[in-house]
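There are 2 protein chains.
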Amino acid sequence: MKVIGIDLGGTNYAVGLVDETGNILSRIEGKTKVDEGPQAVAKRLSESVKSVMSNTGVSARAIGIGSPGSIDHEKGVVRFSPNFPGWYNFPLAEEIRTHTGLDVFIENDANAYALGEHTFGVARGFDHVICLTLGTGIGGGVITHGFLLRGSVGIGAELGHMNVLPNGPKCGCGSNGCLESLASATAIRKYVEDGYSRHIDSSLFKEKNASQITPKDVFEHAKNGDYFSLSVFNRVVSALSVAIGSLINIFNPQVVVIGGGMANAGDFLLEPVEEMVKDYVLPTMLGTYQIKLSQLGKNAGILGAASIVFERASKR
Amino acid sequence: MKVIGIDLGGTNYAVGLVDETGNILSRIEGKTKVDEGPQAVAKRLSESVKSVMSNTGVSARAIGIGSPGSIDHEKGVVRFSPNFPGWYNFPLAEEIRTHTGLDVFIENDANAYALGEHTFGVARGFDHVICLTLGTGIGGGVITHGFLLRGSVGIGAELGHMNVLPNGPKCGCGSNGCLESLASATAIRKYVEDGYSRHIDSSLFKEKNASQITPKDVFEHAKNGDYFSLSVFNRVVSALSVAIGSLINIFNPQVVVIGGGMANAGDFLLEPVEEMVKDYVLPTMLGTYQIKLSQLGKNAGILGAASIVFERASKR
């Protein structure tokens, strides 16, 4: 069985033709151009779907879409998304079905990502999985007892908005001290700007302006022993560890997967988190879980979207 | 169908004969006498089971037991429990089956409590339920998509050990800042002892010694405007609100139930928690959940245990 996975973002999208083993047989990327309206976006995605099939001469069985925002997965509707201004209750699945003739299934992108790890990634074979994606924001996906946790109206698993520090920094959601406000790329940028404005002596500020400094820069300078970068890094590690510790006590998972761009920091991030999480888990939980870095890389979005279809097929 | 519910505690136990509507037809309480060993306890419980049946002339279909500690619900084994020193991998279900001839099902007591709320309580009819029991410790039970969340080795839903204040007070589990370390009856007793030792001026200390002051006293003095009692109360409300807010963002539940002895504080506790939780939930969650106080009262344990059997029967 071959399926289409669509990784739909606010700026870019990617469409891939994927087989059961997670090979991507053909792949197209493009600009989403949200400002042209939802119908135009649906048409553009549909044309890319046709292209990846004609490129390979293979017909797909169905299409899976990972989309940001609040998704009605039963109706295939994007209720709304901060990334898609003006989209309200847009029947994306139906539109693309009309253009392509294929069945279309949509999930929130973080949920799709978790399915991707479960089907193709480091969480393969496990029924109790927590996924965190560390990027501009922090997304979450949970598989418990083999099923995706969606919640009563499908907006659960917002792990980036667990509170890990009451009275902590303001979060984009309006609350204070959410994991996202402390450990996302956005949070790191704020720490850096704050350090810069306080004239802190750091090797970071000798190469670039504060606004050009990325989380990757901060992690590299931290590795090289820059005190300020280390302090930023430690705040990220602490917040992540508190959240992961609580999640382990709540879900008793087998695997916690750290994905997203910041997972590229590798063992330099993983090892201190593994160590510090032990401060927050119950003694009985020790030995019951592993924390792993995602291996899906830049294909995580397409594979997650494709796995929406594979998971449905496997549960029939 | 009539079933037996056994509420097994470290000090006391209660056995009840329960019908499908949650009526308790007969009830016996007694001392657990853990020091006499697990076989003696199993025999005592079995005799009480026979008594409640002979009292009413009704035979039960099966027995449900809510037990503290780590339970292997598939094998009916109490792996271990801080409340039962010396019990390791004790096959409680099998022992009681031998004595009574009835099928026996065991769950962790907090999980059983959640099933009780789901079957007979304020969470009846809902598939997405969070339960917190506020007592000496804080127990948790979660029903998500209609199923009890047990986790990979059955020790999940430890909601009392979510971290709500990194570097907060030491918790019995060894960590710092768990919900239990901030909002349990034990936490309140520690706040009171600390206030007493610092010679704080409070109406609390004019009636009783610090060691005799209960959470109920603190709540009553808080209601009457005593500043120290209010400060203790506010710490409990804050910690509860942070935890409940995170749980709503994680599970997108329909109902959050607050039970246990401290739920007797009623609206005085519920209303500020309802208000403060809004500071920690995503705006999209508003309107999707209710927070309710348990109505099961002193029968919560028996009804929870009985509902283990009713839930199994309903899912066959």
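Taken in order, these protein sequences are the chains called A and B. Counted from 1, the first sequence has number 56 at position 76 by the numbering used here; the numbering is strictly sequential. Counted from 1, the second sequence has number 291 at position 311 by the numbering used here; the numbering is strictly sequential. Think of the CB as a built atom: it goes at the ideal place given N, C-alpha and C, for glycine as much as any other residue.
8 Å Cβ cutoff, residue i in contact with chain A
i: M256(B); result: no
i: G225(B); result: yes
i: G205(B); result: no
i: H108(B); result: yes
i: P71(B); result: no
i: E138(B); result: yes
i: N63(B); result: no
i: L112(B); result: no
i: N143(B); result: yes
i: N214(B); result: no
Selected residue, minimal CA-CA separation from residue i, among the options
i: K278(B); options: Q270(B), M242(B), G267(B), E291(B); result: M242(B)
i: A90(A); options: A20(A), N229(A), G120(A); result: G120(A)
i: V102(A); options: Y269(A), K295(A), V289(A); result: Y269(A)
i: L273(A); options: I282(A), E251(A), F185(A); result: E251(A)
i: G105(A); options: F213(B), V(-5)(B), D174(B), S132(B); result: S132(B)
i: V29(B); options: G44(B), G17(B), I118(B); result: G44(B)
i: G117(B); options: V198(B), V289(B), L162(B); result: L162(B)
i: N232(B); options: H108(B), G152(B), P146(B); result: H108(B)
i: T194(A); options: F213(A), I168(A), A293(A); result: I168(A)
i: V198(B); options: S177(B), E16(B), V172(B); result: V172(B)
i: R301(B); options: G267(B), E187(B), Y176(B), G157(B); result: Residue 301(B) cannot be examined here, being either before or after the span of chain B that is shown, -19 to 296.
i: V236(A); options: E254(A), S209(A), E87(A), F208(A); result: E254(A)
i: D247(A); options: V217(A), T36(A), I230(A); result: V217(A)
i: F290(B); options: I271(B), F85(B), I224(B), Y176(B); result: F85(B)
i: G175(A); options: V212(A), K203(A), E187(A), G148(A); result: V212(A)
i: Q275(A); options: T78(A), Y93(A), V(-5)(A), L25(A); result: Y93(A)
i: A245(A); options: E200(A), A219(A), L220(A); result: E200(A)
i: G66(B); options: Q19(B), K23(B), G284(B); result: Q19(B)
i: V(-2)(A); options: G134(A), I282(A), V222(A); result: I282(A)
Residue i at chain B interface by Cβ criterion, 8 Å
i: P48(A); result: no
i: N232(A); result: yes
i: H125(A); result: yes
i: G239(A); result: no
i: V91(A); result: The question names Val, but residue 91(A) is Asn in the sequence shown. Taking Cβ atoms only, chain B never reaches closer than 8 Å to N91(A), which makes this a no.
i: V222(A); result: yes
Span of the alpha helix (DSSP H), counted from its first residue to its last, around residue i
i: S50(A); result: That residue, S50(A), is in no alpha helix (DSSP H); its beta strand (DSSP E) goes 50 to 52.
i: L250(A); result: 247 to 257
i: L95(B); result: 89 to 100
i: F199(A); result: 195 to 203
i: V29(A); result: 18 to 36
i: T78(A); result: 72 to 80
i: S6(A); result: Here S6(A) belongs to no alpha helix (DSSP H); instead the beta strand (DSSP E) covers 4 to 11.
i: G281(A); result: 280 to 294
Environment of residue i [buried if 16+ CB atoms lie within 10 Å]
i: Q234(A); result: buried
i: M(-19)(B); result: exposed
i: V38(B); result: exposed
i: T(-9)(A); result: exposed
i: H141(A); result: buried
i: T113(A); result: buried
i: E75(A); result: buried
i: E9(A); result: exposed
i: P146(B); result: buried
i: Y(-7)(B); result: buried
The beta strand (DSSP E) enclosing residue i, as first and last residue numbers
i: V237(B); result: 235 to 239
i: Y207(B); result: Where Y207(B) is concerned, there is no enclosing beta strand (DSSP E), although the alpha helix (DSSP H) it sits in stretches over 207 to 231.
i: S274(A); result: That residue, S274(A), is in no beta strand (DSSP E); it is neither H nor E in DSSP.
i: K188(A); result: Note, K188(A): premise wrong, no beta strand (DSSP E); not H, not E.
i: G(-5)(A); result: Here residue -5(A) is Val; the residue named in the question, Gly, does not match the sequence. Start and end: -8 to -2.
i: E160(B); result: Here E160(B) belongs to no beta strand (DSSP E); instead the alpha helix (DSSP H) covers 159 to 163.
i: R59(B); result: 57 to 60
C-alpha distance - residue i paired with residue j, whole-angstrom precision
i: L95(A); j: L128(A); result: 8 Å
i: L5(A); j: A280(A); result: 15 Å
i: R41(B); j: S287(A); result: 44 Å
i: T1(B); j: F100(B); result: 7 Å
i: G136(A); j: K258(B); result: 16 Å
i: S226(B); j: V261(B); result: 7 Å
i: L82(B); j: K11(B); result: 23 Å
i: G154(B); j: K170(B); result: 16 Å
i: K150(B); j: G205(A); result: 32 Å
i: L159(A); j: G148(A); result: 10 Å
i: S209(A); j: G240(B); result: 46 Å
i: E16(B); j: T264(B); result: 54 Å
i: R130(A); j: I228(A); result: 18 Å
i: V(-5)(B); j: A219(B); result: 34 Å
If the cut-off is 9 Å on Cβ atoms, which residues from the stretch 245 to 276 of chain B count as contacting chain C, listed in chain order? This model lacks chain C altogether, as its protein chains are A and B.
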